[in-house]
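For what it's worth, the numbering used here labels the leading residue of the sequence shown as 1, then goes sequentially.
Only one structure is covered here, and it is reproduced in the block below.
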Amino acid sequence: VGLRNLDLIMGCERRVVYDFVNVIHQEATLKQSLIRDKRHDNLYVLAASQTRDKEALTQDGVGRVLDELKTDGFDYIVCDSPAGIEKGAFLAMYFADRALVVVNPEVSSVRDSDRILGLLSSKTRHAESGKGGVPAHLLLTRYNPERVGSGQMLSIGDVEEVLGLPVLGVIPEHDSVLSASNQGVPVILERLPKPARLTSMPSRGCSARSARCASPRRRRKACSSACSGAEAMGILDFLKARPKNTANIAKERLRIIVSQERSSRGSPDYLPLLRTELLAVIRKYVHVELDAINIQVERDGEHEVLELSVALPEHKPGATT
Numbered sequence: 001v002g003l004r005n006l007d008l009i010m011g012c013e014r015r016v017v018y019d020f021v022n023v024i025h026q027e028a029t030l031k032q033s034l035i036r037d038k039r040h041d042n043l044y045v046l047a048a049s050q051t052r053d054k055e056a057l058t059q060d061g062v063g064r065v066l067d068e069l070k071t072d073g074f075d076y077i078v079c080d081s082p083a084g085i086e087k088g089a090f091l092a093m094y095f096a097d098r099a100l101v102v103v104n105p106e107v108s109s110v111r112d113s114d115r116i117l118g119l120l121s122s123k124t125r126h127a128e129s130g131k132g133g134v135p136a137h138l139l140l141t142r143y144n145p146e147r148v149g150s151g152q153m154l155s156i157g158d159v160e161e162v163l164g165l166p167v168l169g170v171i172p173e174h175d176s177v178l179s180a181s182n183q184g185v186p187v188i189l190e191r192l193p194k195p196a197r198l199t200s201m202p203s204r205g206c207s208a209r210s211a212r213c214a215s216p217r218r219r220r221k222a223c224s225s226a227c228s229g230a231e232a233m234g235i236l237d238f239l240k241a242r243p244k245n246t247a248n249i250a251k252e253r254l255r256i257i258v259s260q261e262r263s264s265r266g267s268p269d270y271l272p273l274l275r276t277e278l279l280a281v282i283r284k285y286v287h288v289e290l291d292a293i294n295i296q297v298e299r300d301g302e303h304e305v306l307e308l309s310v311a312l313p314e315h316k317p318g319a320t321t
């Protein structure tokens, strides 16, 4: 709200008369504000406001508009959430039945996505009603197989491992995406080279409840003269010329960052795993149940103290332990 751009991507910026905020404040009807796409009769756009800010949104108003859209027979309502954690983003996720978290394969984006996933599990109507967190999926964008292959970018597996969710779809970094955006044409409607066509997979996969899609492959480069033996190369020269694997560094940083930030929002995620591992060790000597192991974390300023207690069974005289 205040910085809309979906109308530009969809090529309908000149047709916007009324917007989302006008409908919320009942300054216009929903039918007056909806813009039908010229290419697909069953696709409509409800533009955000370019002149109001997020304070113009109300939870009751957003809920009322969504209910009206459902009553009008729309099968899918996609809320394009703004970046960051503020009122607009909170309202977009609050009413969600499913969430598609868009993430770039870089440290800052993965970290932000983990924070959003935490909010989806606790700050939504779905969670407040006791149904648990909103089912979430990952959409990986600006993916470059060449950089992944050279160890300069996080791979699909790296992102899945850190965030703990499978990737629903992959959108490669491609010049056609920028070209389509400049023309106001959705990239999935363009006649694009094969790598860029992967953009259409997430929508089909989401409708079919599929959890995976094919990932773009890295192009093989021709072997150099040094590799073919035409020119000798020493082992030190090879190691010096080899690029540093910054993706592994990013992955390790993310593991630490995500673990620390998750623990500050509640019970640390590593405690259940630690209890299971301790149970396996203790059972080598005495049989105990998992409930007999109690682990607590207390924070004292910048330090964390791990307190462990194990309730061992009483030893009966003559019994073999």
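The beta carbon of each residue, even a glycine, is placed where N, CA and C say it ideally should be.
| Query | Result |
| --- | --- |
| Take N294 as the anchor and find which of K284, L312, V187 has the nearest alpha-carbon. | L312 |
| For D67, which residues from the same chain have a beta carbon less than 6 Å from its beta carbon, with the 5 sequence-adjacent residues on both sides left out? | none |
| Return the bridge partner residues of G341 from the DSSP annotation. | Nothing can be reported for residue 341, as the shown portion of the chain is limited to 1 through 321. |
| Give the single residue among A292, S33, L254, N5 whose Cα lies nearest to the Cα of Y18. | S33 |
| Measure how close the beta-carbons of L138 and V177 come, nearest whole angstrom, since I'm counting them as under 8 Å. | With 8 Å as the limit, L138 and V177 do not qualify as a contact, their Cβ atoms being about 18 Å apart. |
| Tell me which residues share the same chain as I35 and place their Cβ nearer than 6 Å to its Cβ, disregarding the 5 neighbours each side in the sequence. | C12, R15, V45 |
| When the Cα atoms are used, what is the spatial distance from G115 to L189? | Note that residue 115 is Arg in the sequence shown here, rather than Gly. If you take the alpha carbons of R115 and L189, they lie about 33 Å apart. |
| Which first and last residues belong to the beta strand (DSSP E) in which G169 is found? | 167-172 |
| Mind checking whether M93 and T141 have CB atoms under 8 Å apart? | no |
| Please classify I256 as buried or exposed, where buried requires at least 16 neighbouring CB atoms within 10 angstroms. | exposed |
| Give the single residue among F90, S259, S129 whose Cα lies nearest to the Cα of E161. | S259 |
| Are the Cβ atoms of L119 and V65 separated by less than 8 Å? | no |
| With C-beta atoms as the reference, is V107 less than 8 Å away from R253? | yes |
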